[in-house]
Amino acid sequence: MSKETRVPEIDPATAAALGWPKSKYAWVERERRWLCRAVPLDHVVRSEVYEDLYVTGPQLRLRRATPTDGGPEMLRLGRKADVSPAVRLLTSIYLSPEEFRLLSSLPGRVLRKTRHSLGKIDGANVFVDVFEGALSGLIMAEAEFETVEAMEAWPMPDFAYREVTDDVRYTGGMLVTDGLPGEPD
């Protein structure tokens with residue numbers, strides 16, 4: 001994220017325009033993303049395999065998260081709407097296996113990755129994703145923040161080499177439809 005980019009907070013009119021007439025049913029995600037050459041394995045506190053179905057058309061994502069330690073799967077349907085490259089509204093519904101099976105028949109494209117949680121670092125929740133399939137070789141970190149100010153002040157992690165927050169080609173929806181981008185602009 002460039003320093004001159006000022007990220008807006010979300011007002012009720014913006015939320016309504018994005019399809020959230022009652023924004024109290026959504027939460028705000030503030031995140032930055034970076035490309036990495038490797039996962040800092042000495043910092044990993046847990047890992048999950050994600051299988052995301054990006055439903056064709058709407059901004060819906062069906063996610064199966066399976067802990068690598070053998071814990072129970074988490075199944076959910078999520079909806080996102082971007083306010084800016086770094087700020088979005090989200091909502092999720094947790095699903096039973098029967099509900100998940102029903103919704104998994106929707107048309108869309110699947111993205112697979114292993115998400116490594118590094119826990120909280122200097123106030124941010126930090127993750128490193130290792131992508132599979134057509135996106136094999138892509139390793140991307142993301143950090144989630146409580147406030148815009150914290151997000152803007154946070155430095156690039158030492159295990160990353162290039163920030164791609166402002167490059168929409170590195171969002172899940174674009175990666176699953178357009179594939180692995182060339183070098184970021």
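Number 46 in full-length UniProt numbering belongs to position 46 of the sequence shown; there are no gaps in the numbering. Just so you know, even glycine gets a beta-carbon here, dropped at the ideal spot from N, CA and C.
Asked: In this structure, how does DSSP classify Pro-85 when only helix, strand and coil are distinguished?; Found: coil
Asked: State the start and end residues of the unbroken alpha helix (DSSP H) segment that holds Ala-150.; Found: 148–153
Asked: Which of helix, strand or coil does DSSP assign to Pro-72?; Found: coil
Asked: Under a Cβ-count criterion, where at least 16 other Cβ atoms within 10 Å of its own Cβ denotes burial, should Leu-175 be classed as buried or exposed?; Found: buried
Asked: In angstroms with no decimal places, state the Cα-to-Cα distance between Tyr-54 and Asp-158.; Found: 31 Å
Asked: Where does Glu-4 land, buried or exposed, given buried means 16+ other C-beta within 10 angstroms?; Found: Any reading at Glu-4 needs caution, since the residue's pLDDT is 43, under 50, leaving its predicted position unreliable; the model's value is listed next. Exposed, because fewer than 16 other Cβ atoms sit within 10 Å of the Cβ of Glu-4.
Asked: Buried or exposed: where does residue 188 fall if 16 or more other Cβ atoms within 10 Å of its Cβ makes it buried?; Found: Shown here, the chain extends from 1 to 185; a query on residue 188 therefore has no answer.
Asked: When the Cβ atoms of the region 123–136 are set against those of the region 146–155, are three or more pairs found closer than 8 Å?; Found: yes
Asked: Could you say which of Leu-180, Val-28, Met-151 lies nearest to Val-83 if we only look at CA atoms?; Found: Val-28
Asked: For Arg-169, which three-state DSSP category applies?; Found: helix
Asked: Thinking just about the alpha-carbon of each residue, which of Asp-69, Arg-46, Ile-139 is nearest to the one in Tyr-170?; Found: Ile-139
Asked: By a C-beta neighbour count over all protein chains shown, 10 Å radius and 16 as the cutoff for buried, is Glu-98 buried or exposed?; Found: exposed
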